[in-house]
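Chains as they are written, first to last, in this note's numbering: chain S, 1 to 364; chain F, 365 to 812. Even glycine gets a Cβ: it sits at the ideal position worked out from N, Cα and C.
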């Protein structure tokens, strides 16, 4: 009797070990590991899904299928491929602009719901010919690193916006914030060229921001290090540090916000004879003007991509939060005031005479 | 020296001859010492009889008017004479003399030269330390320790164990440094099991009541007296076995996995560095093979994509799943290790070359296993032998298979579970009433 119990126990243990375990795993060389997924409009069906699968030699294998849903399309790809398709390494989700204009909620929801897709993956829009961009290959750059375009350790600059799948999901479900998605096009010498930032209202694309306007967006999001601003007359500065302070007010007319931006910059290029104070003054005026223009543009699109709603959120009641995008944000009065602080005094000598000239220039 | 009735004496002599009838090296000889006739009984193989006789005669002649007792006093052993005891003495290499007048004596003779002298260690390669090693003779071994540690506190308890064949053992500790409960528990176990035979180290473990199945050794063994001195100073109890050229220190604790006591000969910073390397080696030796399986078949998302692609490339065309692949090569590796250990030193390198270079190269070219596997394998094997002492490496060599199996079933979760399990196992161990997960066994420092 005892022996029988012991035997039964051993069998049960072995079963327990085998059954819940990963007994049906596939080895890594039996898997395709796509890093880029493109979702575009299909010729006959709703979606066309294109997967880019890199290999060790730097070539990219591209698989595509059309279907009514993304998961079905991936399933169809899987059916025809000789290896299993695992999306665990998907790093870049590219969406056709035409699809984005009709709404991307489905796609983001799919990406979040799919267990194997990492929600740290990046989202981008493709402006222009979707298929051409997806099939675009340049050699000898290994395509493995196509997502390096956005990587802060590699190809990213403050002129590019960046949004991850989880952020997109958060923004599309948020009452007080909208998302901005970077727009790409195939490049000639490089893999992509950055076209600007798509402004989304809820899950629909409503407008674009240019590269310069994207900088303001990044300043608001705190991703500015290393950004270069070009001001008039050959002057360029490098942003070292930025401090943003908001003063909010809620009057009868609606919300208003005064934003003070302090930029610590280093001058990298400047025409001769222009002192720091002149550059500061010029920059302040130019940037304030530019930023205010951008803010008004964003407001006219009725999309709160800067996340102003998040600043007001503590003051809002439950109902007002729900009404923010429709009722209050269009009424928002926003004013941006830029102050520039030049850090370096090393590269440009200022003589006493020059200083007087500068005073005069400022007065003018 | 004891006086017998003459008849009894004859009786005993007769019984003695009867008792050793089957031992062809048992001899009895008539000798004359100081004009008295004796009959000597001894083992030819253990006693150097001519030398003994001449030294006795020398002593007798220098002691002209001394009595019989005085004459033997330098050689005499205190003894009471029952037949069993006499037999015992003879087996231990003593010389038994019976005079015709009914006198009997047991004496310590000159021994034949069958134990080797102190030499350099064979199985350990100490750097910057004394080069003498324990020999087979327990007295020499104790002497080596005594010489290295001149102290009143050094306690040496000699015992014997076994009934069919007796074995001399010595239990050595430093009073005031070794914990009383450790000494007590070892002494109790030795006392309780003193009838058990002791021929192998495992017998000693069973006498001390250590668990039969354990993946980590419950003792430290070494043939270096210097190392044992350090162990004594760290509060361990050392047991010496006669005719065994290793000493055993009890109890082993977790830090013995990565520390040899000879590290103290280096500057402190060097010691910390070396021990860190060994501790990392222990971790790698256990986890690397499991990690390979995890990354290859269960959780490839843990690799960076660049690496994942290279790994996939290197596995292309490999017919077996990674667990089988791993087991295959692991088995080969274990066999190479086993094969080289007992080979003569001049053949060992050949095996290393055949096994390591030719086989490794061929097995990859034949696409039986992937390149990465060989790298992982070699790394884990090296990491394994970084550990202090051969005994410790065997435990990790075994446990690595458990990790591999669990990892292949449960992926990264399984790997973690296996690591947690080994910690739980270590926590459950307690040898000589000291928890295995202690960091010190010194009397005063307590980790509990």
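Leaving aside the five residues that flank residue 234 of chain S on each side, the residues in its chain whose CB is nearer than 8 Å to its CB run, in chain order, 269, 270, 271. Scanning chain S for C-beta atoms nearer than 8 Å to the C-beta of residue 674 of chain F yields 56, reported in chain order. Interface flag for residue 82 of chain S against chain F is unset, since no Cβ pair is found closer than 9 Å. Beta bridge pairing from DSSP links residue 690 of chain F with no other residue. Listed along the chain, the chain F residues whose CB falls inside 7 Å of the CB of residue 35 of chain S are 669. Unbroken alpha helix (DSSP H) stretches of 4 residues or longer found wholly inside the segment 519 to 596 of chain F: 544 to 556, 565 to 571, given in chain order.
Counting of Cβ neighbours within 10 angstroms places residue 160 of chain S among the buried residues, the total reaching 16 or more.
Residue 664 of chain F belongs to the set of residues whose beta carbon lies under 9 Å from a beta carbon in chain S.
Neighbours of residue 88 of chain S in chain F, taken as residues at a C-beta separation under 7 Å, are given in chain order as 664, 665. DSSP places residue 60 of chain S within a strand segment (E or B) once states are collapsed to three. Counting only runs of 4+ residues, the alpha helix (DSSP H) found wholly inside the segment 145 to 226 of chain S occupies 165 to 172, 211 to 221, in chain order. Along the length of the segment 246 to 292 of chain S, whole beta strand (DSSP E) runs at least 3 residues long occupy 255 to 269, reported in chain order.
Note that the C-beta distance between residue 603 of chain F and residue 612 of chain F is below 9 Å. For residue 337 of chain S, the pairing in a beta bridge is given by DSSP as S:260. Contact of residue 654 of chain F with chain S is not assigned, every C-beta pair being separated by 9 Å or more.
For residue 96 of chain S, the uninterrupted beta strand (DSSP E) segment begins and ends at 92 to 96. Shown here, residue 54 of chain S sits in a strand according to DSSP, grouped into three states. Non-local beta-carbon contacts of residue 120 of chain S in its own chain, meaning distances under 6 Å to residues more than five positions away in sequence, involve 164 in chain order. Taking residue 402 of chain F as the centre and dropping the five residues before and after it, the same chain places the C-beta of 394, 395, 396, 461, 462, 463, 464 closer than 8 Å to its C-beta, in chain order.
Nearest C-alpha to residue 130 of chain S among S:185, S:172, S:252, S:149: S:185. In terms of CA proximity to residue 533 of chain F, F:561 leads the group F:513, F:733, F:543, F:561. Interface flag for residue 735 of chain F against chain S is unset, since no Cβ pair is found closer than 9 Å.
When DSSP states are grouped into helix, strand and coil, residue 422 of chain F belongs to the helix group.
When DSSP assignments are scanned along the segment 108 to 132 of chain S, the uninterrupted stretches of beta strand (DSSP E) that are 3 or more residues long and fall wholly within it turn out to be 122 to 126. Residue 659 of chain F has a beta carbon lying within less than 9 Å of a beta carbon in chain S. Chain F has no Cβ within less than 9 Å of the Cβ of residue 218 of chain S. Separation of residue 673 of chain F and residue 28 of chain S (C-alpha to C-alpha, rounded to the nearest whole angstrom) is 9 Å.
Residues of chain F with a Cβ closer than 8 Å to the Cβ of residue 26 of chain S are, in chain order, 661.
Pairwise C-beta distances place the segment 238 to 250 of chain S out of contact with the segment 166 to 182 of chain S, as fewer than three of them are shorter than 8 Å. Distances from the CA of residue 655 of chain F to each of F:736, F:549, F:680 were compared; the closest alpha carbon is that of F:736. Of the residues assessed, residue 275 of chain S falls on the buried side of the cut-off, its CB having 16 or more other CB atoms within 10 angstroms. Under the three-state reduction of DSSP output, residue 738 of chain F falls in the helix class.
Chain F places no beta carbon closer than 9 Å to that of residue 315 of chain S, leaving this residue out of the contacts.
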